[in-house]
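Just below is one structure, and these are the notes that go with it.
Numbering (the numbering used here), first residue to last: 955 to 1018.
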């Protein structure tokens, strides 16, 4: 994948699949952003990551 070794590509893919960081909501609050949207993004991405990360690890194990 893009010339990376398989192990490095797998770790990059898993890192990219991580849920939205909590500091998103903190920054939205600090700089007057949409706090409701940012907290919802953190909540739903964390909830979804329980399933998507498990599936992604399974797929990556098949690939490696």
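For every residue, glycine included, the Cβ atom is placed at its ideal position computed from N, Cα and C.
Quick one: grab the DSSP three-state call for residue 996. helix
Okay, do the stretch 966 to 973 and the stretch 1001 to 1015 touch, 3+ Cβ pairs below 8 Å being the bar? yes
Using 8 Å as the Cβ pair cut-off and three pairs as the minimum, do the stretch 957 to 966 and the stretch 978 to 993 touch? no
Once the 5 residues before and after residue 999 are set aside, which same chain residues still bring their CB inside 6 Å of it? 973, 974
Measure the Cβ-Cβ separation of residue 968 and residue 1010 and say whether it is below 8 Å. yes
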